[in-house]
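*Asks:* Let me begin by handing over the structure; questions about it come next.
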Ligand SMILES: [Zn+2]
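Listed below in structure tokens is the structure:
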């Protein structure tokens, strides 16, 4: 499963960060997922909780969705989109493409 592989990778990054910080406990992990990354947020949330709770009891996994940006071909307005269709909020024309919102990143580790 794609999401499980991502969760394992995030777990490995947490391990590497923690190796630099002895006597530290992770309380929360923040991840940002692009709206167009193809990652299923609910599935990733589940996998992260499984992977991270093995390492850090009681850890919170907080997933935020990152929007993509579309540009209107008529008025040039750039607007954030979370899903197709990409309709300009000013003139209602469909933008053809979207940029951004493709990635997945670990945004923070909260420790104590
Ligand atoms: Zn427009």
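Numbering (our numbering), first residue to last: 518 to 629.
We put the CB at the ideal spot given by N, CA and C, even for glycine.
Leaving out five residues before and five after residue 538 in sequence, what residues of the same chain have Cβ atoms less than 8 Å from its Cβ?
*Replies:* 628
*Asks:* Closest by CA to residue 579, which one among 600, 543, 618?
*Replies:* Cα-wise, what sits closest to residue 579 is 543.
*Asks:* Taking the alpha carbon of residue 528 as the point to measure from, which residue in 558, 540, 576, 614 has its own alpha carbon closest?
*Replies:* 576
*Asks:* Considering only DSSP beta bridges, list what residue 616 is partnered with.
*Replies:* 586
*Asks:* Check this for me: beta carbons of residue 644 and residue 585, under 8 Å apart or not?
*Replies:* The shown model of the chain, from 518 to 629, leaves out residue 644, and the question about it has no answer.
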